[in-house]
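In terms of the working numbering, the sequence shown opens at residue 740 and continues consecutively.
Using N, Cα and C, we set each Cβ at its ideal position, and we do this for glycine too.
Bear in mind that the values here come from a model prediction, so they are computed numbers and not experimental data.
Structure first, commentary second.
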Amino acid sequence: AVQQPRMRPLARDEHLQYLPVRPASLLKLCPDLANRVVVVNGVSKAFAMTGWRLGFAAGPADIIEAMSNLQAQTTLGPSSISQAAAVAALEGPRDSIDMMVKAYRKRRDLVMQIAAGCPGLKLQRPDGAFYAMLDLSEVFSQSKRFGTLGEPDQAFCDWLLETEQVAAVPGSVFGAPGCVRISFATDENTIDRGLRKLLTAASHS
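Next up, the structure:
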């Protein structure tokens, strides 16, 4: 990025990460990029405020001004109530974040444990947030129902919701065809039942 003067890096410093050492900030690693990097974040995940729909950005004045002008013509601005709640969250104690990280790490490990028992499934261990991207390409390739379809992950997710009442997002929408994204932002019992239903359905399709 340093050698590409027209590149505008977009960075996000996330609180919900499970590595033993916190990843370094891009600006700390490459301070020369300070006039180009835009850092974005919000209160949705770290403070469990997804419904408040509030995020923020910090970066060079010209970029922030352009972003503000665009937002003024599209979404106008966030509600005053959301802003007050976000200030309280950002200025308040961070104990709840540590509790959530511990809970999500445990749920992540449960997903990894269950997924390990599914032949043909590939899963990169998530090191942050509360999503897992299941690579079911090999499973789909052997499927009578989905193996010949152009977007088997899309068809599988539709079928899974209709037949098993399990919601998942096709990887195709993220540029990862053949994959299925799940969320483990729920209790362990629901994760266990839902993921086992998903994997059983995929393996027997």
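For V878, the enclosing alpha helix (DSSP H) has its first and last residue at 876 to 880. N780 is a Cβ neighbour of R751, given a cutoff of 8 Å. Secondary structure at R935: helix, using DSSP grouped into helix, strand and coil.
By the Cβ criterion, the region 885 to 900 is in contact with the region 915 to 922, since at least three pairs of Cβ atoms, one from each stretch, lie closer than 8 Å. One thing to note: I921 has its Cβ within 8 Å of the Cβ of L934. With respect to the 8 Å criterion, W791 and S821 are classified as neighbours on the basis of their beta carbons. For G781, DSSP records a beta bridge to G794. Excluding five sequence positions before and after I853, the CB atoms of its chain that fall closer than 6 Å to its own CB belong to L934, given in chain order.
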